[in-house]
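K.L.:
A single structure is presented below for examination.
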Amino acid sequence: MTNTKRQKRSSWNKGKTGLAAGWTPERRAAASVRQRAWCVENPKSSFFQYDRQSRWKTGPDPEVRAHYYRFLRMRCQARYWCQDWTIKWDDYLALLRDSSGKWGRTMGSINLVRLDTLKGWHMDNVQLMERSESLNRQRAIDPATGKTVKRRRKTGRRPQRWKKTRDQ
């Protein structure tokens, strides 16, 4: 019986690095000299003109870009804690531009907080507030029990309890 399938062979240097791939110190130095010479001969090459900021979704402003990733992290945290999130990036950016202080995690910084913590993250339920003021707010109280309302369970898997049994 012959095998009619053609066997796929891996590359000759698959997984090899450094000396195993043939890069001796002499070969590495020679390649470095050639690369430097090419860079001197081609200063207007597109290799040097690559501008990463022009490819950002938020534009060239690094502060707005940092806030875009902050927005994405906030949205992911809201989903993780089973909280509704309807704030769009444009609304968040308008809040950022209207604010007068610096956003951050220090006590004097400004944060986006929910007015009613039992409701989700909606534009009519959020406000910009100093972090020290937001941390000192009273937590919501459940009228049935008279105790503070706890967070809902996360949507992820529950952690397994690792217990060593006698037969292990």
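Residue numbers (the numbering used here): 38 to 205. C-beta: ideal position from N, C-alpha, C; glycine also. These numbers were taken from a predicted model, which means no experiment stands behind them.
1. Under a three-way DSSP split, which group does residue 89 fall into?
2. Determine the contact status of residue 23 and residue 149, defining contact as a CB-CB distance below 8 Å.
3. Taking 7 Å as the cut-off, is the beta-carbon of residue 101 closer than that to any non-hydrogen atom of the ligand FMN?
4. Tell me the rounded alpha-carbon separation between residue 155 and residue 126.
5. Sort 80, 153, 103, 138 by Cα distance to residue 121 and report the nearest one.
6. For residue 186, is the classification buried or exposed, using 16 other Cβ atoms within 10 angstroms of its Cβ as the cut-off for buried?
7. Residue 76 to residue 82, Cα distance in whole Å?
8. Does DSSP put residue 77 in a helix, a strand or coil?
9. Within its chain, find whatever has a CB closer than 6 Å to the CB of residue 92; leave out the 5 residues flanking it on each side and keep chain order.
10. Here's the rule I'm using: 16 or more other beta-carbon atoms within 10 Å means buried, otherwise exposed. How should residue 205 be labelled?
11. Taking 6 Å as the limit between beta carbons, can you name the residues of its chain near residue 169, skipping five residues before and five after?
12. How far does the alpha helix (DSSP H) with residue 149 in it extend, from its first residue to its last?
P.N.:
Result, derived from the coordinates:
1. Here residue 89 is taken as the residue at index 52 of the sequence shown, counted from 1. Helix.
2. Since the first residue shown for the chain is 38 and the last is 205, residue 23 is missing from the structure and cannot be characterised.
3. Looking at this structure, you won't find the ligand FMN or any other ligand, since it has none at all.
4. Taking the sequence shown and counting its residues from 1, the one referred to as residue 155 is at position 118. Taking the sequence shown and counting its residues from 1, the one referred to as residue 126 is at position 89. So the two alpha carbons sit approximately 23 Å from each other.
5. Counted from its first residue, the sequence shown places residue 121 at position 84. Residue 153 is the option with its Cα nearest to residue 121.
6. In the sequence shown, residue 186 corresponds to position 149, counting from 1. That one is exposed.
7. Counting from one through the sequence shown, the residue named residue 76 turns up at place 39. Counting from one through the sequence shown, the residue named residue 82 turns up at place 45. If I take the Cα positions, the gap works out to 8 Å.
8. Here residue 77 corresponds to residue number 40 of the sequence shown, with the count starting at 1. Taken through DSSP and simplified to helix, strand or coil, residue 77 comes out as helix.
9. As a first step, residue 92 is located in the sequence shown; it is residue number 55 there, counting from the start. Result list for residue 92: empty, nothing under 6 Å.
10. Translated into positions along the sequence shown, residue 205 becomes position 168. Interpretation of residue 205 is limited by its pLDDT of 49, a score under 50 that renders its predicted location unreliable; the figure taken from the coordinates is listed afterwards. By the neighbour-count criterion, in which 16 or more other beta carbons inside 10 Å mark a residue as buried, residue 205 falls on the exposed side.
11. Here residue 169 corresponds to residue number 132 of the sequence shown, with the count starting at 1. Excluding residues within five positions, the ones whose Cβ falls inside 6 Å are 144.
12. Your numbering for residue 149 matches position 112 in the sequence shown. Going by DSSP, residue 149 is part of no alpha helix (DSSP H) but of the beta strand (DSSP E) stretching over 147 to 151.
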